[in-house]
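**Q** Chains as they are written, first to last, in my numbering: chain U, 59 to 174; chain Z, 2 to 112.
There's a structure below that I have some questions on.
Here it is in structure tokens:
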């Protein structure tokens, strides 16, 4: 299947700092990528839809200024958690697919963020 | 009421058993159905992908979709300890890849 690579796989940062997470589609172009957050033993919560060349679409309750999304190319989307707080500690996962009606969505490996 | 309902488990079975995992949904517009396996601290891995109603088989895995009942299933034959994971059902309406997930079922296969 198609490959989506996410980096880093884990990161520890201090409160108040910013952390950038990268999501790359390695063997296909993705005009749309999705960012999810997952708390322990819970399912994935869609945070935002990243659109290449335009602004991201955020889900209700997700702070746009806190979770900055940039989709500058067809193979790369980044999520920056700004002014991180301990409550931002979570597992963040991106997904993308080659596009079209009959294609699946593939996920990155996830990034475990711990804010101390 | 959630759009997609899935029993969280945990479901514990002995090695070699047939496992049945299920999801129900309320939105009849869903047309594409997926099952993902997620190991702890890893991203979900696509197992099965089905369009509309019917059955699909891949090795030990069989996916069934019954759109009339709004019910999907994943069967795992000859279950192995390595199948122990959380299984997520997901579905989408059509264009694009925005998925609606079930809550996930945690499966434990005991040797």
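By construction, the Cβ of each residue, glycine as well, lies at the ideal position given by its N, Cα and C atoms.
Beta-carbon of residue 163 of chain U versus every beta-carbon of chain Z: anything under 7 Å?
**A** Along the first chain, read from residue 1 onward, the residue named residue 163 of chain U stands at position 105. Chain Z contact via Cβ: present.
**Q** List, in chain order, every chain Z residue whose beta-carbon is nearer than 7 Å to that of residue 151 of chain U.
**A** Reading the first chain from its first residue, position 93 is the one you call residue 151 of chain U. 44, listed in chain order.
**Q** Alpha carbon to alpha carbon, how far is residue 119 of chain U from residue 5 of chain Z?
**A** As a position in the first chain, residue 119 of chain U is number 61, starting the count at 1. As a position in the second chain, residue 5 of chain Z is number 4, starting the count at 1. So the two alpha carbons sit approximately 20 Å from each other.
**Q** Between the alpha carbons of residue 104 of chain U and residue 80 of chain Z, how many angstroms are there, rounded?
**A** Sequence index remark: in the first chain, residue 104 of chain U carries index 46 (1-based). Sequence index remark: in the second chain, residue 80 of chain Z carries index 79 (1-based). Roughly 31 Å separates the two Cα atoms.
**Q** Can you grab the Cα-Cα spacing for the pair residue 164 of chain U / residue 141 of chain U, in whole Å?
**A** Position 106 of the first chain, counted from the first residue, corresponds to residue 164 of chain U. Position 83 of the first chain, counted from the first residue, corresponds to residue 141 of chain U. Cα to Cα, the separation comes out at about 29 Å.
**Q** Are the C-beta atoms of residue 166 of chain U and some chain Z residue less than 7 Å apart?
**A** The count along the first chain starts at 1 and reaches residue 166 of chain U at position 108. So yes, residue 166 of chain U belongs to the interface.
**Q** Determine whether the Cβ of residue 34 of chain Z lies closer than 7 Å to any Cβ atom of chain U.
**A** Numbered from 1 along the second chain, position 33 holds the residue referred to as residue 34 of chain Z. Residue 34 of chain Z does not count as touching chain U.
**Q** Entirely within the segment 64–97 of chain U and at least 3 residues each: give me those beta strand (DSSP E) ranges in chain order.
**A** Correct list: 68–71, 77–83, 90–96.
**Q** Can you tell which of U:115, U:97, U:60 has the C-alpha that lies nearest to the C-alpha of residue 137 of chain U?
**A** Counting from 1 along the first chain, the entry for residue 137 of chain U is found at position 79. Among U:115, U:97, U:60, the Cα nearest to that of residue 137 of chain U belongs to U:115.
**Q** Using alpha carbons as the reference points, say which of U:74, U:61, U:60, U:133 lies closest to residue 17 of chain U.
**A** One cannot answer for residue 17 of chain U here, as it falls past the ends of chain U, which runs 59 to 174.
**Q** Taking residue 129 of chain U as part of the beta strand (DSSP E), name the residues at either end of that continuous run.
**A** Walking along the first chain from the start, residue 129 of chain U turns up at place 71. From DSSP, the beta strand (DSSP E) with residue 129 of chain U extends over 125–131.
**Q** Does chain U have any CB closer than 7 Å to the CB of residue 100 of chain Z?
**A** In the second chain, the residue the question calls residue 100 of chain Z occupies position 99. Yes, residue 100 of chain Z lies at the interface with chain U (some Cβ there is under 7 Å from its Cβ).
**Q** What does residue 103 of chain Z reach in chain U if we use C-beta pairs closer than 9 Å?
**A** In the second chain, the residue the question calls residue 103 of chain Z occupies position 102. In chain order: 101.
**Q** When the Cα of residue 99 of chain Z is compared with those of Z:112, Z:12, Z:18, Z:32, which residue comes out closest?
**A** Residue mapping note: residue 99 of chain Z aligns to position 98 of the second chain, counting from 1. Here the closest residue by C-alpha is Z:32.
**Q** What's the call for residue 78 of chain Z, buried or exposed, on a 16-neighbour Cβ count within 10 Å?
**A** As a working note, residue 78 of chain Z is residue 77 in the second chain. So residue 78 of chain Z ends up on the exposed side.
**Q** On the three-state DSSP scale, how would you describe residue 79 of chain Z?
**A** Sequence index remark: in the second chain, residue 79 of chain Z carries index 78 (1-based). Correct three-state label for residue 79 of chain Z: coil.
**Q** Between residue 47 of chain Z and chain U, is the shortest Cβ-Cβ distance under 7 Å, so that the two count as touching?
**A** Taking the first residue of the second chain as 1, we reach residue 47 of chain Z at position 46. Output row for residue 47 of chain Z: interface = yes.
**Q** I'd like to know if residue 40 of chain Z contacts chain U, where contact means its C-beta is closer than 7 Å to some C-beta of that chain.
**A** Translated into the one-based positions of the second chain, residue 40 of chain Z becomes position 39. False, the Cβ-Cβ gap to chain U never drops below 7 Å.
**Q** What are the boundary residues of the beta strand (DSSP E) that residue 99 of chain Z is part of?
**A** Taking the first residue of the second chain as 1, we reach residue 99 of chain Z at position 98. Per DSSP, residue 99 of chain Z belongs to no beta strand (DSSP E) and is neither H nor E.
**Q** Measuring straight from C-alpha to C-alpha, what distance separates residue 162 of chain U and residue 112 of chain Z?
**A** Working through the first chain from its first residue, we reach residue 162 of chain U at position 104. Working through the second chain from its first residue, we reach residue 112 of chain Z at position 111. C-alpha separation (whole angstroms): 33 Å.
**Q** Does the beta carbon of residue 88 of chain Z sit closer than 7 Å to a beta carbon anywhere in chain U?
**A** As a first step, residue 88 of chain Z must be located in the second chain, where it is residue number 87. Not an interface residue.
**Q** Rounded to the nearest angstrom, how far is the Cβ of residue 97 of chain U from that of residue 148 of chain U, given a contact under 8 Å?
**A** Taking the first residue of the first chain as 1, we reach residue 97 of chain U at position 39. Taking the first residue of the first chain as 1, we reach residue 148 of chain U at position 90. Correct: roughly 6 Å between the Cβ atoms.
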